[in-house]
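Asker: Before I ask anything, let me first share the structure, which is written out below as structure tokens.
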Amino acid sequence: MSAYIRKADIILIIILIAAGIAATLAFSGAESSGDRVLVTVDGSKYGSYDLHKDRTIKLDTGNTIRIENGKVFMKKSTCHGQDCVKKGKISHSPDSIICLPHKVVVEIKGKTNDYDTVAK
504 MSAYIRKADI ILIIILIAAG IAATLAFSGA ESSGDRVLVT VDGSKYGSYD LHKDRTIKLD
564 TGNTIRIENG KVFMKKSTCH GQDCVKKGKI SHSPDSIICL PHKVVVEIKG KTNDYDTVAK
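Position in the sequence shown (from 1) plus 503 gives the number in this note's numbering.
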């Protein structure tokens, strides 16, 4: 076996790099900017809100949701771990914030279709 790089090796490396870049671009385009915030509590719809209208939503569970500058975040929660608060701000579909102890789900819904794939 020889220790030098052949022309075929260089072509293979270029093809693999191009495929990696194409895959990255394809998957990064999967997110779309959202326009609605859907809040569900214990599996039931609590409300749907405009992502571009600032407001504070206080839930009976002790959670406080804040919509501000086109982003939504869990401002306050009474749960122990505070993972929902630590999640930070979200603004793209299909991002979500989930508070498991209180069964609260905050989802961003995009301007496009609400399904992931279409099967024929």
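Heads up, the beta-carbon is just placed ideally off N, CA and C, and yes, glycines get one too. All values reported here derive from a predicted model rather than from experimental measurement.
1) Give me the Cβ distance between residue 565 and residue 581, rounded to the nearest whole Å; I'm assuming they're in contact under 8 angstroms.
2) Can you tell me whether DSSP reads residue 516 as helix, strand or coil?
3) Skipping 5 residues on each side, what residues in its chain have a beta carbon closer than 6 angstroms to that of residue 588?
4) Taking the DSSP output, what are the residues bridged to residue 552?
5) How about the stretch 606-615 and the stretch 535-550: do they share at least three Cβ pairs that are nearer than 8 angstroms?
6) Alpha carbon to alpha carbon, how far is residue 511 from residue 520?
7) Given this structure, state the Cα-to-Cα distance separating residue 516 from residue 605, to the nearest angstrom.
8) Judging by CA-CA distance, which residue of 547, 567, 550 and 573 is the nearest neighbour of residue 557?
9) Pick out whichever of 602, 562 and 554 has its Cα sitting closest to the Cα of residue 593.
Answerer: Reading off the structure:
1) Locating residue 565 in the sequence shown gives position 62, counting from the first residue. Locating residue 581 in the sequence shown gives position 78, counting from the first residue. So it is a contact: roughly 3 angstroms between Cβ atoms.
2) Numbered from its first residue, the sequence shown carries residue 516 at position 13. Here residue 516 sits in helix by DSSP.
3) Within the sequence shown, residue 588 is the residue found at index 85, counting from 1. Hits under 6 angstroms: 577 and 580.
4) Numbered from its first residue, the sequence shown carries residue 552 at position 49. Paired residues: 540.
5) yes
6) Taking the sequence shown and counting its residues from 1, one reaches residue 511 at position 8. Taking the sequence shown and counting its residues from 1, one reaches residue 520 at position 17. Those two C-alpha atoms are separated by around 14 angstroms.
7) Position 13 of the sequence shown holds residue 516. Position 102 of the sequence shown holds residue 605. Using only the alpha carbons, I get a separation of about 50 angstroms.
8) Walking along the sequence shown from the start, residue 557 turns up at place 54. Ranking 547, 567, 550 and 573 by Cα distance to residue 557 puts 573 first.
9) As a working note, residue 593 is residue 90 in the sequence shown. When only C-alpha atoms are compared, the closest one is 554.
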